[in-house]
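Visitor: Below you'll find the structure I mean.
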Amino acid sequence: MEQTLMDKLTILADSAKYDVACTSSGASRTARPGTVGSCYAPGCCHAFTADGRCVSLLKVLMTNCCSFDCGYCVNRRSNDIPRATFAPRELAELTMEFYRRNYIEGLFLSSAVLGTPDYTTERMLAVLRLLRGEYRFGGYIHAKAIPGTSPELLQQLGYLADRLSVNVELPSERSLNLLAPDKGRHSIFRPMKQIAVSGAASREELTLYRHAPKFAPAGQSTQMIVGASPETDYHILKLTEGMYHKYGLKRVFYSAYIPVAEDTRLPALDTKPPLLREHRLYQADWLLRFYQFEADEILDKDNPNFNPYLDPKCNWAVQHYGLFPVDVNRAPFEMLLRVPGIGPKSARRIWHARKQAALGLDELKRMGVVLKRAQYFITCRGFSGAHPGRGSAGRERITRALIDPNVFSGSCEQLSLFSPPAVDNLIGQGVPPRTAVRMVREEAVQCLAKAL
Amino acid sequence: MSCQGAVNPKGARKLHDADVVYLYDGSFEGFLCCVYESFAQHELPFAVWTPQRETATLYPVKDIATDPAVARRVFASFGKKLGAETEYLVSRDFLSGQEDKELLLLRFLHLAFALGPGTVKREGHPVVAPLYAMKKSLDWEVDKFQGFVRFEEHDGMLGAVIHPKNYILPLLRPHFCGRFPEEDFMIYDAVHQAVLLHEGHSTRLLELAAPLELPPPSAREQQFQALWTQFYKTLEIKARHNEKGRMTHCPKRFWADMVELQGEL
Chain A
1 MEQTLMDKLT ILADSAKYDV ACTSSGASRT ARPGTVGSCY APGCCHAFTA DGRCVSLLKV
61 LMTNCCSFDC GYCVNRRSND IPRATFAPRE LAELTMEFYR RNYIEGLFLS SAVLGTPDYT
121 TERMLAVLRL LRGEYRFGGY IHAKAIPGTS PELLQQLGYL ADRLSVNVEL PSERSLNLLA
181 PDKGRHSIFR PMKQIAVSGA ASREELTLYR HAPKFAPAGQ STQMIVGASP ETDYHILKLT
241 EGMYHKYGLK RVFYSAYIPV AEDTRLPALD TKPPLLREHR LYQADWLLRF YQFEADEILD
301 KDNPNFNPYL DPKCNWAVQH YGLFPVDVNR APFEMLLRVP GIGPKSARRI WHARKQAALG
361 LDELKRMGVV LKRAQYFITC RGFSGAHPGR GSAGRERITR ALIDPNVFSG SCEQLSLFSP
421 PAVDNLIGQG VPPRTAVRMV REEAVQCLAK AL
Chain B
1 MSCQGAVNPK GARKLHDADV VYLYDGSFEG FLCCVYESFA QHELPFAVWT PQRETATLYP
61 VKDIATDPAV ARRVFASFGK KLGAETEYLV SRDFLSGQED KELLLLRFLH LAFALGPGTV
121 KREGHPVVAP LYAMKKSLDW EVDKFQGFVR FEEHDGMLGA VIHPKNYILP LLRPHFCGRF
181 PEEDFMIYDA VHQAVLLHEG HSTRLLELAA PLELPPPSAR EQQFQALWTQ FYKTLEIKAR
241 HNEKGRMTHC PKRFWADMVE LQGEL
């Protein structure tokens, strides 16, 4: 039976949706006369799905017919699902029509491995050439490098796309060998290195010749699955930091593993996706990129996993309580960034405003500092730091102010998305949800206060 | 140096709260003339109104005539005496839909001319902070509408309807004109009765007298709308359903103009 465009779009969007990266940031250009489409450096979200994720690009697979058999993936060879393949012109036309109606910012093109990696990449290249050549499309294109593609084809892909990505998939070689036997460590890191080197060379050329072709101007990103294999958070964070430094990655994405297959090597099908862990990883990732933290400051060998009840920044501040309080009118910028309740934006505002006049609590509040948390860590004009009180009562008060509200929020019927495992265990034993949340919360406060 | 006292440097005539209402035509030039009047009289009016916002009042109403020469003179002084950053902030904030924006801007300008070009950096100051709050809400809405505008094709012309709180068409203009230079398109702001029209490589911003009605979509158009809606629905991962998350990023007031969400309203 002939598949309609609607069927293909449904099947191939459904197969692509587990790819987390959907950003359109990093490239900036306006359309020249005769072309269609521009790029907006901060990126642009065109819709939000019912799970609260941004839709920025037309995220589809070229095909979901795969010759690989990776355990964690819906599209693996042994899975019985409907299969479809886009014809290059069909996909290019759909992209243009969606783009003209301002539905999307561009195209996110990935693919299952149809035949060989090289053949698959050729087909992707055909779409990109149609778009950039015949349709004169200047919008954003994110292309996925298929592991095992030859360097020549990857090079061509880089000159047509704005961003390239190679998925690390699993955080260690052992897990990779176990769950994705067709992909080796080498087939992932070789293209990543090639993209980094070619990107740097292209940037250098651009300083010499203004019209030199740009190789992936929005850089590269990667993603890995969290919770399908036994690695610790420390291991994942070190790997992330290494990739930021070594390959100059723009972003690392994490996706909480959602069981899609019955497999003895994987968590059982009824496992809840570890959303809290994913959330903590993103928080730590932000600390690496915007708060001048290093992975070893956030976690270490003795504490290899995140504290479920405190965000990583508060956790660091609590463990280095001796460095506080700092004077916001004098502290260096790096130290301002480390105060719980002050983010990069408010730190920058403070930095500018304090040159004009000394800041007091009211000013800080109006600048967007979260005083509930910050008050125990700062002094400013007319304020010498909040005194929580002496002894255990005081420690408890600080802990209550710092504890992550996201974990314990939510109404009595619906728990927070990030509810910690301890709450789920109690509910499993028959405790009503509200009581369970309160019990875990109290226990966490006592425990953290003791450690302070 | 105290922040409050600095508004009245020694020897200057004292700025006072006047029991008077300014009435101007709603244009930026008209507002600049209000600024001139306020500085000339050393007074802060009780309120600044446009004809649309005029209501019965016991205070005397002062009609401020729009004089382009005065407006130019006032505007030039912003850049010259207060710096480019202040000029940008004031002209951007004027597009805000907030009721008392003129008064907030006036208060700020009195402070800024007293303290100098650094005033704009004092984001925590009680007079300066509201301007940044307005800018934040404006920027947020511009950012959202750059993504949420949905065009429909009618005989080769792309048309979209939006319902923004602020008057953002002038701020959407560079984005959409830089994106679709070859297309003919129009964006209709149904709240402020204005249209951004891009036709044959030239762009105009028009004020409308009567509301505009777009014709119903053609069969081809409906087909693309169906494809897009289907794509949008397919993307959700059911195991991560998070209605609240969607609502924070895309509040319901946008939904009526977004084709994929009209069915869920």
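Chains as they are written, first to last, in the UniProt record's numbering: chain A, 1 to 452; chain B, 1 to 265.
The beta carbon of each residue, even a glycine, is placed where N, CA and C say it ideally should be.
All values derive from a computational prediction rather than experimental measurement.
Round the Cβ separation of Leu107(A) and Thr95(A) to the nearest angstrom and send it over; I've been treating them as touching at under 8 Å.
Guide: Working through the first sequence from its first residue, we reach residue 107(A) at position 107. Working through the first sequence from its first residue, we reach residue 95(A) at position 95. Confirmed, about 5 Å.
Visitor: Output, in sequence order along the chain, the residues in the stretch 229 to 246 of chain B whose CB is closer than 9 Å to any CB in chain A.
Guide: Residues passing the 9 Å Cβ filter: Gln230, Phe231, Tyr232, Lys233, Thr234, Leu235, Glu236, Ile237, Lys238, Ala239, Arg240, His241, Asn242, Glu243, Lys244, Gly245 and Arg246.
Visitor: Going by C-alpha to C-alpha distance, which of Pro164(B), Lys81(B), His192(B) and His201(B) sits closest to Phe176(B)?
Guide: Taking the first residue of the second sequence as position 1, residue 176(B) is located at position 176. Nearest C-alpha to Phe176(B): His201(B).
Visitor: Under a CB-based cut-off of 9 Å, is Asn102(A) close to chain B?
Guide: Taking the first sequence and counting its residues from 1, the one referred to as residue 102(A) is at position 102. Answer yes: the Cβ-Cβ gap between Asn102(A) and chain B drops below 9 Å somewhere.
Visitor: If you draw a straight line from the C-alpha of Phe408(A) to the C-alpha of Lys372(A), how long is it?
Guide: Here residue 408(A) refers to the residue found at position 408 of the first sequence. Here residue 372(A) refers to the residue found at position 372 of the first sequence. C-alpha separation (whole angstroms): 17 Å.
Visitor: Under the assumption that Phe333(A) contacts Gly360(A) (Cβ atoms under 8 Å), give the Cβ distance between them as a whole number of angstroms.
Guide: Position 333 of the first sequence, counted from the first residue, corresponds to residue 333(A). Position 360 of the first sequence, counted from the first residue, corresponds to residue 360(A). With a Cβ gap of about 20 Å, Phe333(A) and Gly360(A) do not count as contacting.
Visitor: Quick check on Ile342(A): does DSSP put it in helix, strand or coil?
Guide: Mapped onto the first sequence, residue 342(A) falls at position 342. If DSSP states are grouped into helix, strand and coil, Ile342(A) belongs with coil.
Visitor: Is the distance from the Cβ of Val423(A) to the Cβ of Val440(A) below 9 Å?
Guide: Within the first sequence, the letter at position 423 stands for residue 423(A). Within the first sequence, the letter at position 440 stands for residue 440(A). Their beta carbons are under 9 Å apart, which means Val423(A) touches Val440(A) by this criterion.
Visitor: What separation, rounded to the nearest whole angstrom, lies between the Cα atoms of Arg210(A) and Ser202(A)?
Guide: Here residue 210(A) refers to the residue found at position 210 of the first sequence. Here residue 202(A) refers to the residue found at position 202 of the first sequence. C-alpha separation (whole angstroms): 11 Å.
Visitor: Name the residue from Leu164(A), Ala317(A) and Ala358(A) whose alpha carbon lies nearest to the alpha carbon of Val339(A).
Guide: Looking up residue 339(A) in the first sequence gives position 339. Among Leu164(A), Ala317(A) and Ala358(A), the Cα nearest to that of Val339(A) is on Ala317(A).
Visitor: So that I know if they touch, is there some Cβ in chain B lying closer than 9 Å to that of Thr10(A)?
Guide: What you label residue 10(A) is simply residue 10 of the first sequence in a count that begins at 1. Closer than 9 Å to some Cβ of chain B, the Cβ of Thr10(A) qualifies, so yes.
Visitor: Mind checking which residues open and close the beta strand (DSSP E) that includes Arg179(B)?
Guide: Within the second sequence, residue 179(B) is the residue found at index 179, counting from 1. Note, Arg179(B): premise wrong, no beta strand (DSSP E); alpha helix (DSSP H) at Leu169 to Arg179.
Visitor: What residues from chain B crowd round Phe98(A), counting only those whose CB sits closer than 7 Å?
Guide: The count along the first sequence starts at 1 and reaches residue 98(A) at position 98. Those are Trp228, listed as they occur along chain B.
Visitor: Distance check for Val166(A) and Gly341(A), CA to CA, integer angstroms please.
Guide: Position 341 of the first sequence, counted from the start, is the residue given in the question as residue 341(A). Position 166 of the first sequence, counted from the start, is the residue given in the question as residue 166(A). Whole-angstrom Cα-Cα distance: 35 Å.
Visitor: Is there a Cβ from chain A that is less than 9 Å from the Cβ of Cys250(B)?
Guide: Translated into positions along the second sequence, residue 250(B) becomes position 250. It does; some Cβ of chain A falls within 9 Å.
Visitor: If I'm right that Val252(A) touches Ser221(A) with Cβ under 8 Å, what's the distance once you round it to whole angstroms?
Guide: Position 252 of the first sequence, counted from the start, is the residue given in the question as residue 252(A). Position 221 of the first sequence, counted from the start, is the residue given in the question as residue 221(A). Sure, about 7 Å apart at Cβ, within 8 Å.
Visitor: Taking the continuous alpha helix (DSSP H) assigned at Val437(A), which residues delimit it?
Guide: For the purposes of this step, residue 437(A) is taken as residue 437 along the first sequence, with counting starting at 1. Pro433 to Ala451 is the extent of the alpha helix (DSSP H) around Val437(A).
Visitor: Let me know the secondary structure DSSP gives Gly5(B) once reduced to three states.
Guide: Locating residue 5(B) in the second sequence gives position 5, counting from the first residue. Model confidence at Gly5(B) stands at a pLDDT of 43, short of 50, so the residue's coordinates are unreliable and nothing is read from them.
Visitor: Interface residues of chain A around Gly156(B) at Cβ under 8 Å?
Guide: Against the second sequence, residue 156(B) aligns to sequence position 156. None at all; the shortest Cβ gap to chain A is about 11 Å.
Visitor: Closer than 8 Å is the cut-off here; do at least three beta carbon pairs connect the stretch 57 to 64 of chain A with the stretch 81 to 89 of chain A?
Guide: Yes, since at least three Cβ pairs between the stretch 57 to 64 of chain A and the stretch 81 to 89 of chain A fall closer than 8 Å, the two stretches touch.
Visitor: Whole angstroms are fine: how far does the CA of Ser110(A) sit from the CA of Ala143(A)?
Guide: Taking the first sequence and counting its residues from 1, one reaches residue 143(A) at position 143. Taking the first sequence and counting its residues from 1, one reaches residue 110(A) at position 110. Answer to the nearest angstrom: the Cα atoms are 6 Å apart.
Visitor: With 16 other CB atoms within 10 Å as the buried threshold, where does Gln375(A) fall?
Guide: Stepping through the first sequence from its first residue, residue 375(A) is reached at position 375. Classification of Gln375(A): buried, given that the 10 Å Cβ count is 16 or more.
Visitor: Let's test the definition: count the other Cβ atoms within 10 Å of the Cβ of Asp296(A) and tell me whether it reaches 16, buried, or not, exposed.
Guide: By one-based count along the first sequence, residue 296(A) stands at place 296. It is exposed - the Cβ of Asp296(A) has fewer than 16 other Cβ atoms within 10 Å.
Visitor: Any beta carbon of chain A sitting closer than 9 Å to that of Met1(B)?
Guide: As a working mapping, residue 1(B) is identified with position 1 in the second sequence. In this prediction, Met1(B) scores a pLDDT of 40, lower than 50, which makes its location untrustworthy; the coordinate-derived value is nonetheless stated afterwards. Yes, because at least one Cβ of chain A sits closer than 9 Å to the Cβ of Met1(B).
Visitor: For Leu82(B), I'd like the list of residues in its chain whose CB is within less than 6 Å of its CB, leaving aside the five on either flank, ordered along the chain.
Guide: Position 82 of the second sequence, counting from 1, holds the residue named residue 82(B). So the qualifying residues of the chain are Ala112 and Pro117.
Visitor: Is there a Cβ from chain B that is less than 9 Å from the Cβ of Cys54(A)?
Guide: As a first step, residue 54(A) must be located in the first sequence, where it is residue number 54. True, the Cβ-Cβ gap to chain B drops below 9 Å.
Visitor: Using the beta-carbon of each residue, which ones in chain A are nearer than 7 Å to Val149(B)?
Guide: Numbered from 1 along the second sequence, position 149 holds the residue referred to as residue 149(B). Within chain A, the residues near Val149(B) are Asn102.
Visitor: Out of Arg123(A), Gln194(A) and Glu134(A), which has the shortest C-alpha to C-alpha gap to Glu152(A)?
Guide: Working through the first sequence from its first residue, we reach residue 152(A) at position 152. Glu152(A) has its Cα closest to that of Gln194(A), out of Arg123(A), Gln194(A) and Glu134(A).
Visitor: Report the rounded CA-to-CA distance for Glu122(A) versus Glu134(A), giving the unit in angstroms.
Guide: Taking the first sequence and counting its residues from 1, one reaches residue 122(A) at position 122. Taking the first sequence and counting its residues from 1, one reaches residue 134(A) at position 134. So the two alpha carbons sit approximately 17 Å from each other.
Visitor: Considering only residues of the same chain and omitting the five flanking positions on each side of Arg438(A), which have a CB-CB separation below 8 Å?
Guide: Residue mapping note: residue 438(A) aligns to position 438 of the first sequence, counting from 1. Answer for Arg438(A): no residue qualifies.
Visitor: Under the three-state reduction of DSSP, which class applies to Gly79(B): helix, strand or coil?
Guide: The sequence position of residue 79(B) within the second sequence is 79, counting from 1. DSSP places Gly79(B) in helix when its eight states are reduced to three.
Visitor: Whole beta strand (DSSP E) runs in the stretch 196 to 272 of chain A with 3 or more residues, listed along the chain?
Guide: Runs of the beta strand (DSSP E) inside the stretch 196 to 272 of chain A: 220 to 226 and 251 to 256.
Visitor: Can a CB atom of chain A be found closer than 9 Å to the CB of Asp189(B)?
Guide: Your numbering for residue 189(B) matches position 189 in the second sequence. No, because no Cβ of chain A sits closer than 9 Å to the Cβ of Asp189(B).
Visitor: Can we say the stretch 17 to 36 of chain A touches the stretch 224 to 231 of chain B, given the rule of at least three CB pairs closer than 8 Å?
Guide: Verdict: no, contact absent.
Visitor: Who are the Cβ neighbours of Ala129(B) in its own chain at under 7 Å, not counting the five residues just before and after it?
Guide: Position 129 of the second sequence holds residue 129(B). Counting only Cβ-Cβ distances below 7 Å, and skipping sequence neighbours, we find Glu123.
Visitor: Asp162(A): buried (16+ other C-beta within 10 angstroms of its C-beta) or exposed?
Guide: For the purposes of this step, residue 162(A) is taken as residue 162 along the first sequence, with counting starting at 1. The residue in question, Asp162(A), is buried, as its Cβ has 16 or more Cβ neighbours within 10 Å.
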